[in-house]
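A.B. asks: One structure, as structure tokens, below. Some questions next.
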Amino acid sequence: VANSFSPNIPVVAAGGIFDGNDIAHFLKLGASGVQMATRFVCTDECDAHENFKKAYLNAKAGDITVIKSPVGLPGRVINNSFVEKIKQGGTIPFKCKYKCLKSCDPKKAPYCIAKILADAANGNMDESFAFAGSNAYRCNEIIPVKLLVQKLVEELTPFLSAECFSQEQIAKR
1 VANSFSPNIP VVAAGGIFDG NDIAHFLKLG ASGVQMATRF VCTDECDAHE NFKKAYLNAK
61 AGDITVIKSP VGLPGRVINN SFVEKIKQGG TIPFKCKYKC LKSCDPKKAP YCIAKILADA
121 ANGNMDESFA FAGSNAYRCN EIIPVKLLVQ KLVEELTPFL SAECFSQEQI AKR
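Read left to right, the sequence shown gives residues 1 to 173 (UniProt numbering).
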């Protein structure tokens, strides 16, 4: 895809990128760069509540699931008892005190997104959930951003050899 535009435009890959191997994969496919989010939740500098971060650290592969948002769009989350309650229809708000989304009908919405986000920000994970990427279950420690970036560079460096990328691809980076 990255090389199919004329003139060439930078393409940034996003979604499911967790480590240096993933970065190399997308660079090799022609991406100009990558966007990462999930890995940075489990850093010291992330201001998410400790309980929110613990949801990532305690997640297993099977805990990552997709639910519908109040406006019908999919959202990937870490499963918990509240998510199960949503799936069973036990969290319909019926009325709305926030009116944050014009297209949200509180009588039909599966939950109130404003309340969920506020509860998650306050660490009340029994009444909310954590939005997360597909690899959130792979997070196993809270580390400084500097160390995370160093790890990513170390993991990526072996892939930046001429054996993996053409000199033209390396020059573009």
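We put the beta carbon where it would ideally sit given N, CA and C, even for glycine.
It should be emphasised that the depicted structure is a prediction, and the values quoted were computed from it without experimental measurement.
(1) So within the region 41-101, which uninterrupted beta strand (DSSP E) runs reach at least 3 residues, ignoring any that extend past its ends?
(2) Any contact between the region 18-27 and the region 115-125? By contact I mean 3 or more CB pairs, one from each, below 8 angstroms.
(3) Go ahead and label Ile-9 buried or exposed: buried means 16 or more other beta carbons lie within 10 angstroms of its beta carbon, across all protein chains shown.
(4) By how many angstroms is the C-alpha of Cys-104 removed from the C-alpha of Val-77?
(5) Starting from Gly-33, trace the beta strand (DSSP E) in both directions and tell me its first and last residue.
(6) Check whether the Cβ atoms of Asn-58 and Met-125 sit closer than 8 angstroms, and answer yes or no.
(7) Looking at the structure shown, is Ala-132 part of a helix, part of a strand, or coil, going by DSSP?
(8) Taking DSSP's pairing of strands, which residues face Gly-12 in a bridge?
(9) For the region 68-77 against the region 92-111, are there 3 or more C-beta pairs whose distance is under 8 angstroms?
(10) Tell me which same chain residues have a C-beta within less than 7 angstroms of the C-beta of Phe-82, skipping the five on either side of it?
(11) Count the other CB atoms, across all protein chains shown, that sit within 10 Å of the CB of Thr-157; report buried if there are 16 or more and exposed otherwise.
C.D. replies: Reading it off the structure:
(1) Along the region 41-101, the beta strand (DSSP E) occurs as fully enclosed runs of 3 or more residues at 64-68, 74-78, listed in sequence order.
(2) At 8 angstroms Cβ cutoff, the stretches do not touch.
(3) Counting from one through the sequence shown, the residue named residue 9 turns up at place 9. By the neighbour-count rule (16 or more Cβ atoms within 10 Å), Ile-9 is not buried but exposed.
(4) The count along the sequence shown starts at 1 and reaches residue 77 at position 77. The count along the sequence shown starts at 1 and reaches residue 104 at position 104. Spanning the two alpha carbons is a distance of roughly 20 angstroms.
(5) Walking along the sequence shown from the start, residue 33 turns up at place 33. Note, Gly-33: beta strand (DSSP E), 33-35.
(6) Residue mapping note: residue 58 aligns to position 58 of the sequence shown, counting from 1. Residue mapping note: residue 125 aligns to position 125 of the sequence shown, counting from 1. Their beta carbons are not under 8 angstroms apart, which means Asn-58 does not touch Met-125 by this criterion.
(7) As a first step, residue 132 must be located in the sequence shown, where it is residue number 132. Coil.
(8) Translated into the one-based positions of the sequence shown, residue 12 becomes position 12. Strictly speaking, residue 12 in this sequence is Val, with Gly absent from that position. Bridge pairing for Val-12: Gly-33 [DSSP].
(9) In short, these stretches touch, since the Cβ pair count reaches three.
(10) Residue mapping note: residue 82 aligns to position 82 of the sequence shown, counting from 1. So the list reads Asp-126, Glu-127, Ser-128, Phe-129, once near-sequence residues are dropped.
(11) On the sequence shown, residue 157 is found 157 positions in, with the first residue counted as 1. Within 10 angstroms of the beta-carbon of Thr-157 lie fewer than 16 other beta-carbons, which makes it exposed.
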